[in-house]
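*Asks:* Just so you know, the sequences run in chain order A and B.
Heads up: the first sequence at position 164 corresponds to 164 in the numbering used here, and the numbers run straight through without jumps.
Heads up: the second sequence at position 291 corresponds to 592 in the numbering used here, and the numbers run straight through without jumps.
2 protein chains.
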Amino acid sequence: MSKTVISSPSKEVTIGFGEPFVMIGERINPTGRKILAAEMKQGDYSRVESDAIAQVAAGAQMLDVNAGIPLADEPAILAETIRRVQAVVDVPLCIDSSIIEALEAGLEAYQGRALVNSTTAEEEVMERVLPLVKKYDAAVVAISNDETGISEDPDVRFEIAKRIVERAQDYGIKPEDVVVDPLVMPIGAIGGAGNQVFDLVRRLRRELKVNTTCGASNISFGIPNRHGINNAFLPMAIGAGMTSAIVNPLHDGLVQSVRAADVLTNNDKNCENWILNYREPPKEGEAAAGGREGRRRRRRG
Amino acid sequence: MSKTVISSPSKEVTIGFGEPFVMIGERINPTGRKILAAEMKQGDYSRVESDAIAQVAAGAQMLDVNAGIPLADEPAILAETIRRVQAVVDVPLCIDSSIIEALEAGLEAYQGRALVNSTTAEEEVMERVLPLVKKYDAAVVAISNDETGISEDPDVRFEIAKRIVERAQDYGIKPEDVVVDPLVMPIGAIGGAGNQVFDLVRRLRRELKVNTTCGASNISFGIPNRHGINNAFLPMAIGAGMTSAIVNPLHDGLVQSVRAADVLTNNDKNCENWILNYREPPKEGEAAAGGREGRRRRRRG
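#1: How many whole angstroms separate the CB atoms of B/Val480 and B/Thr315, which I take to be in contact at a CB cut-off of 8 angstroms?
#2: Hey, B/Pro321 and B/Asn574: beta-carbon distance below 8 angstroms or not?
#3: In whole angstroms, give me the CA-to-CA distance for A/Leu276 and A/Leu204.
#4: Per DSSP, what are the beta-bridge partners of A/Met62 in this structure?
#5: So that I know if they touch, is there some Cβ in chain B lying closer than 8 angstroms to that of A/Gly294?
#6: Between which two residues does the alpha helix (DSSP H) carrying B/Val441 extend?
#7: Buried or exposed: which applies to B/Glu313, given that a residue is buried once 16 or more other Cβ atoms fall within 10 Å of its Cβ?
#8: If you measure between the beta carbons of A/Met40 and A/Ile6, is that distance less than 8 angstroms?
#9: Any idea if B/Leu509 is buried or exposed, counting beta-carbon neighbours within 10 angstroms, 16 or more meaning buried?
#10: Could you give the distance in angstroms between the alpha-carbon of A/Asn29 and the alpha-carbon of A/Val165?
#11: Whether or not the segment 541 to 549 of chain B and the segment 510 to 522 of chain B are in contact is what I'm after, with contact meaning three or more pairs of Cβ atoms, one per stretch, closer than 8 angstroms; do they touch?
#12: Measure from the C-beta of A/Arg299 to each C-beta in chain B and report whether the shortest distance is under 8 angstroms.
#13: Measuring CB atoms only, is the segment 383 to 403 of chain B touching the segment 356 to 375 of chain B, in the sense that at least three cross pairs come out at less than 8 angstroms?
#14: Is it right to say A/Gly172 is buried, meaning 16 or more other beta carbons lie within 10 angstroms of its own, or is it exposed?
#15: Select from A/His251, A/Ala142, A/Ala261, A/Gln42 the residue whose C-alpha is nearest the C-alpha of A/Ala168.
#16: Where does B/Met363 land, buried or exposed, given buried means 16+ other C-beta within 10 angstroms?
#17: Name, in chain order, the residues that DSSP records as bridge partners for A/Asn117.
#18: Could you confirm whether any beta carbon from chain B is found closer than 8 angstroms to the beta carbon of A/Gln61?
#19: Kindly indicate if chain A contains any beta-carbon less than 8 angstroms away from that of B/Met537.
#20: 8 angstroms is my cut-off, CB to CB: does A/Arg279 come that close to chain B?
#21: Does the beta carbon of B/Ser351 sit closer than 8 angstroms to a beta carbon anywhere in chain A?
#22: Once DSSP output is grouped into helix, strand and coil, what is the label at B/Asp447?
#23: Output the boundary residues of the beta strand (DSSP E) element that contains B/Gly495.
#24: Find the nearest neighbour of A/Leu135 within the set A/Val116, A/Ala121, A/Gln86, A/Asp146, judged by alpha-carbon distance.
#25: Thinking C-beta only, is A/Val184 closer than 8 angstroms to A/Ala216?
#26: Note down the Cα distance separating A/Asp146 from B/Asn531, rounded to an integer number of angstroms.
#27: In chain order, what residues of the same chain have a beta carbon less than 6 angstroms from the beta carbon of B/Pro582, not counting five sequence neighbours either side?
#28: Tell whether a beta-carbon distance below 8 angstroms holds between A/Val89 and A/Val56.
#29: If you measure beta-carbon to beta-carbon, which residues of the segment 537 to 570 of chain B are closer than 7 angstroms to chain A?
#30: Look up A/Asn211 in the DSSP assignment and give the residues it is bridged to.
#31: Pull up the DSSP beta-bridge partners for A/Gly16, would you.
#32: Rounded to the nearest angstrom, how far is the Cβ of A/Val197 from that of A/Ala237, given a contact under 8 angstroms?
#33: Since A/Val133 sits in a beta bridge, which residues does DSSP pair it with?
#34: Name, please, each residue of chain A whose Cβ falls closer than 7 angstroms to the Cβ of B/Ala533.
#35: Strictly by DSSP, which residues pair up with A/Ala245?
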């Protein structure tokens with residue numbers, strides 16, 4: 001039972017087998033968001049803060065924070081973004097950058113135990129990211145590609161993930177602190193992309209006993225009604241054993257589909273979280289008329 | 302690759318591994334529908350007909366037809382219901398009764414190759430239903446309970462299903478014409494109900510190589526926001542290998558969740574059915590302005 005524990009000063013989140021699925025909110029990312037990028041560059045973090053609050057309110061248990069803005073001082077901006085986000089929400093964060101100095105600045109600024117996003121199996125990347133992960137006692141997302149790019153062969157992607165997990169151990173990072181991203185391909189381009197990921201997740205869980213994550217919305221890239229695909233993909237991935245994903249919790253129906261999957265895998269014990277979120281309100285006048293009975297009924301859901 | 306072929310005079314539906322999931326519409330059933338029961342008893346089939354049309358329009362590839370009305374002439378009503386339904390829709394039917402005479406009257410009236418719903422492993426039931434299935438060259442739903450009732454132990458339910466498949470072979474019915482219902486328990490009462498079904502479906506597929514079905518909405522009995530649970534349950538069951546289910550295709554989001562699962566299992570090749578149903582309409586004025594280009598764009602989806 002692999003458990004990856006990520007924390008903020010006041011909250012601990014466990015990504016793990018037998019745990020509720022962890023949704024990592026993806027919104028705080030200036031890539032493809034021109035207005036947000038310009039604001040962050042100018043030191044205006046109001047949208048970052050409101051995006052953080054909205055995602056947590058929608059159900060995200062963690063947030064990914066990325067400050068990849070061309071020609072900007074990414075380390076400084078990422079660190080400040082993390083401070084601002086930690087000031088308004090209490091969930092643990094995933095520190096997301098492809099620039100090592102930004103990761104380090106982010107880890108330095110972060111209060112708690114972070115998830116570093118990410119290393120690949122590229123030698124140069126592992127050599128720089130893994131010591132940092134160890135130094136800050138963080139966990140790390142391992143993306144299953146290497147110098148040769150992303151393989152379409154799931155067996156190759158499995159072997160690459162295995163290589164990262166082994167290399168991490170050389171640096172003193174336990175397998176339970178490596179969260180593998182098996183890489184989700186667009187189903188519109190590769191018809192077998194869904195089955196590939198489900199098989200890979202099952203195998204990573206069974207053979208490497210590691211937690212998994214992914215950029216879930218990739219699956220529906222380029223086809224219509226993307227939410228419809230994403231909202232079925234997540235329950236299926238969870239059924240195959242995936243334990244976390246980077247998602248937009250504000251997308252219609254997404255959080256509900258994940259919570260339902262938690263009920264169905266019995267990781268939402270006694271449907272407690274489900275009932276808390278979706279119990280029907282008492283009928284008109286029932287609470288007033290029923291008094292204690294009305295309240296009791298609501299508690300039962 | 303087990304294939305159960307069901308047909309009407311003009312349509313053939315294959316329940317099978319590697320085939321799109323088959324949704325069997327459940328609405329034509331007077332159980333719990335007082336008005337419908339009264340109408341059917343009086344020979345008024347207008348609601349039966351409109352329910353048939355609506356379910357097929359919503360996406361059901363087959364319809365279940367049940368005429369279980371207390372103190373009524375079930376064989377005659379079931380036969381007439383089948384005739385009326387076949388007159389307004391062209392999908393194959395599932396003939397549903399616990400009364401052997403009604404099944405026989407239904408099979409006699411039905412045009413095509415029917416799915417008989419159902420036999421259990423109760424000796425008396427198998428002895429009466431299976432010869433009928435053979436006589437009419439039908440397929441049959443095998444519900445995994447016996448004289449001792451429904452076991453909470455999935456291993457017992459597997460053994461019971463196996464017993465029915467073997468007995469069916471004694472009567473000359475091939476395993477591919479037995480569609481096993483592993484029995485879906487309410488998740489609100491049995492926390493492991495989801496995992497149980499997913500495991501059973503995988504096992505039935507791997508070891509007995511049979512198709513599977515279930516009354517899907519049972520899973521959410523007694524808990525709030527049932528559609529939310531059902532719409533995650535179906536993709537997860539499909540991911541585990543389930544090949545058909547008895548559902549209400551008019552329920553919000555249900556058909557979409559099944560179609561998305563078909564995309565993700567690669568049983569909707571090139572997302573063709575998905576794109577057909579969910580492609581975005583051309584933007585205002587685009588078709589008119591674009592002429593041939595507008596049409597081409599739409600065709601591409």
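We treat Cβ as the ideally placed atom computed from N, Cα and C, and that holds for glycine.
*Replies:* According to the data block:
#1: Here residue 480 of chain B refers to the residue found at position 179 of the second sequence. Here residue 315 of chain B refers to the residue found at position 14 of the second sequence. The pair is not a contact, with the Cβ atoms about 12 angstroms apart (cut-off 8 angstroms).
#2: Here residue 321 of chain B refers to the residue found at position 20 when the second sequence is read from its first residue. Here residue 574 of chain B refers to the residue found at position 273 when the second sequence is read from its first residue. Contact: yes.
#3: In the first sequence, the residue the question calls residue 276 of chain A occupies position 276. In the first sequence, the residue the question calls residue 204 of chain A occupies position 204. Approximately 33 angstroms, taken between the alpha carbons.
#4: Walking along the first sequence from the start, residue 62 of chain A turns up at place 62. Looking at the DSSP output, A/Met62 bridges to A/Ile24.
#5: What you label residue 294 of chain A is simply residue 294 of the first sequence in a count that begins at 1. Only weak support is given to the placement of A/Gly294: the predicted model assigns it a pLDDT of 36, under 50, and the question is left unresolved by the model.
#6: Here residue 441 of chain B refers to the residue found at position 140 of the second sequence. Careful: B/Val441 lies outside any alpha helix (DSSP H), inside the beta strand (DSSP E) at 440 to 444.
#7: Translated into positions along the second sequence, residue 313 of chain B becomes position 12. So B/Glu313 counts as exposed.
#8: Walking along the first sequence from the start, residue 40 of chain A turns up at place 40. Walking along the first sequence from the start, residue 6 of chain A turns up at place 6. Cβ atoms of A/Met40 and A/Ile6: not closer than 8 angstroms.
#9: Residue 509 of chain B sits at position 208 when you count from the first residue of the second sequence. Burial call: buried.
#10: For the purposes of this step, residue 29 of chain A is identified with residue 29 of the first sequence, where counting begins at 1. For the purposes of this step, residue 165 of chain A is identified with residue 165 of the first sequence, where counting begins at 1. If I take the Cα positions, the gap works out to 27 angstroms.
#11: yes
#12: Here residue 299 of chain A is taken as the residue at index 299 of the first sequence, counted from 1. With a pLDDT of only 37 at A/Arg299, under 50, the local geometry of the prediction cannot be trusted, and no value is derived from it.
#13: yes
#14: The count along the first sequence starts at 1 and reaches residue 172 of chain A at position 172. Under this definition A/Gly172 is an exposed residue.
#15: The sequence position of residue 168 of chain A within the first sequence is 168, counting from 1. Closest by alpha carbon: A/Ala142.
#16: Stepping through the second sequence from its first residue, residue 363 of chain B is reached at position 62. So B/Met363 counts as buried.
#17: Indexing the first sequence from 1 puts residue 117 of chain A at position 117. Paired residues: A/Asp96, A/Val141.
#18: Mapped onto the first sequence, residue 61 of chain A falls at position 61. Closer than 8 angstroms: no.
#19: Here residue 537 of chain B corresponds to residue number 236 of the second sequence, with the count starting at 1. Judged by the 8 angstroms Cβ criterion, B/Met537 is in contact with chain A.
#20: Counted from its first residue, the first sequence places residue 279 of chain A at position 279. Yes, its Cβ sits closer than 8 angstroms to a Cβ of chain B.
#21: Residue numbering aside, residue 351 of chain B sits at position 50 when the second sequence is read from its first letter. Output row for B/Ser351: interface = no.
#22: Within the second sequence, the letter at position 146 stands for residue 447 of chain B. Reduced to three states, the DSSP call for B/Asp447 is strand.
#23: Locating residue 495 of chain B in the second sequence gives position 194, where the first residue counts as 1. B/Gly495 -> not in any beta strand (DSSP E); alpha helix (DSSP H) instead, spanning 494 to 504.
#24: Along the first sequence, read from residue 1 onward, the residue named residue 135 of chain A stands at position 135. For the record, residue 135 of chain A in the displayed sequence is Lys; it is not Leu. Out of A/Val116, A/Ala121, A/Gln86, A/Asp146, A/Val116 has the C-alpha closest to the C-alpha of A/Lys135.
#25: Taking the first residue of the first sequence as 1, we reach residue 216 of chain A at position 216. Taking the first residue of the first sequence as 1, we reach residue 184 of chain A at position 184. It is a contact, given that the beta carbons lie within the stated cut-off.
#26: The residue you call residue 146 of chain A lines up with position 146 of the first sequence. The residue you call residue 531 of chain B lines up with position 230 of the second sequence. Cα-Cα distance, rounded: 40 angstroms.
#27: Taking the second sequence and counting its residues from 1, one reaches residue 582 of chain B at position 281. There are no such residues.
#28: Against the first sequence, residue 89 of chain A aligns to sequence position 89. Against the first sequence, residue 56 of chain A aligns to sequence position 56. It is a contact, given that the beta carbons lie within the stated cut-off.
#29: Met537, Gly540, Ala541, Gln557, Ser558, Ala561, Ala562, Val564, Leu565, Thr566, Asn567, Lys570
#30: Residue mapping note: residue 211 of chain A aligns to position 211 of the first sequence, counting from 1. A/Asn211 is bridged to A/Val179.
#31: Along the first sequence, one-based indexing puts residue 16 of chain A at 16. A/Lys3.
#32: Numbered from its first residue, the first sequence carries residue 197 of chain A at position 197. Numbered from its first residue, the first sequence carries residue 237 of chain A at position 237. Confirmed, about 6 angstroms.
#33: Here residue 133 of chain A corresponds to residue number 133 of the first sequence, with the count starting at 1. The partner list for A/Val133 (beta bridge, DSSP) is empty, contrary to what the question assumes.
#34: As a position in the second sequence, residue 533 of chain B is number 232, starting the count at 1. Within 7 angstroms Cβ-Cβ: Pro235, Ser257, Ala260, Ala261, Leu264.
#35: Walking along the first sequence from the start, residue 245 of chain A turns up at place 245. Answer by DSSP bridge pairing, in chain order: A/Met23.
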